[in-house]
Amino acid sequence: MFSGNTTTRLRHSRVKWVSVETAAEVSRTRFVGGTLALDFVNTRDGGPGAEPDDLVVSYGHLVSWARSAGVLDAGSADALHAAAHAVPTSAGDAWQRSLQVRGALDAVLRPIAAGLRPDDDALARLAAEEAEALAAATLMPARHGQEPEYEWSWDADASLHRPLRQIVHSATQLLTNPTAITRLKQCAGCDYLFMDESKNRSRRWCSMQDCGTTQKVSRYVAARRARSEGTASS
Ligand SMILES: [Zn+2]
């Protein structure tokens, strides 16, 4: 059940208000997911058996993170920071909602990456969030697309929920894309979710630099130790 998990995470979270662009937690973000929704799930760091090490510990962090992820321009991010200071209770609610949705995204996407069925409640939550997100969106000419192509845009959405809406839409786009969804994987090293864009879909690590090399080094050290122990006992 994703809801219980989320409650635990909330208890662990340190509540504080930060509006600086480069909050320490945000600057530690590794954008290796390959798509916005996966990068957001990956902000709940820690790895297997480790204490949660959340990178989104306030609404201000959510906005700074979305700015770092490239889905908010500087003006929109500043406006959201200012709005959050003006109505801190609403900003707190928007932040907590984003953490709940992050739990739901995890409960949908991680099983799929493992070839399993996602949690039904989490899937229903995601559907409801997407319906609300689209109600606040406008159709605009695609920024990086071909001439007649259009895309959903939240540029005109001044709501505190804008970052979450963009994240939710990224998730449903992934889920409903038959090619993309087969590329969803969980890193064998750090558990991050990522898109495997390799030709034969053989990637095991979120990034060679962060996890691939570490895994290879530790396997090499273990093999060398086994060899030397074998030599000593013979
Ligand atoms: Zn990794």
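In case it helps, the UniProt record's numbering puts the sequence shown at residues 1 to 234. Just so you know, even glycine gets a beta-carbon here, dropped at the ideal spot from N, CA and C.
Runs of the alpha helix (DSSP H) lying entirely within the segment 27-112, each at least 4 residues long, are 36-41, 59-69 and 74-86 in chain order. For residue 141, the enclosing beta strand (DSSP E) starts and ends at 138-141. A straight-line Cα-Cα distance of about 41 Å links residue 64 and residue 222. Looking only at 125, 182, 80 and 72, the smallest Cα-Cα distance to residue 58 is reached by 80.
Partner residues in the beta bridge of residue 153, as assigned by DSSP, are 138. Across the set 35, 105 and 129, the C-alpha of 105 shows the shortest separation from the C-alpha of residue 118.
Secondary structure of residue 146 (DSSP, three-state): coil. Contact between the segment 116-135 and the segment 91-108 is present: three or more C-beta pairs spanning the two stretches fall below 8 Å. Straight through space, the alpha carbons of residue 159 and residue 85 are spaced by roughly 14 Å. In the DSSP annotation of this structure, residue 174 is not part of any beta strand (DSSP E); the continuous alpha helix (DSSP H) holding it starts and ends at 162-175. Not a single heavy atom of ligand 1 lies less than 7 Å from the C-beta of residue 119. Comparing alpha-carbon positions, the option among 157, 92 and 133 lying closest to residue 169 turns out to be 133.
Residue 202 places its beta carbon 8 Å or farther from that of residue 32.
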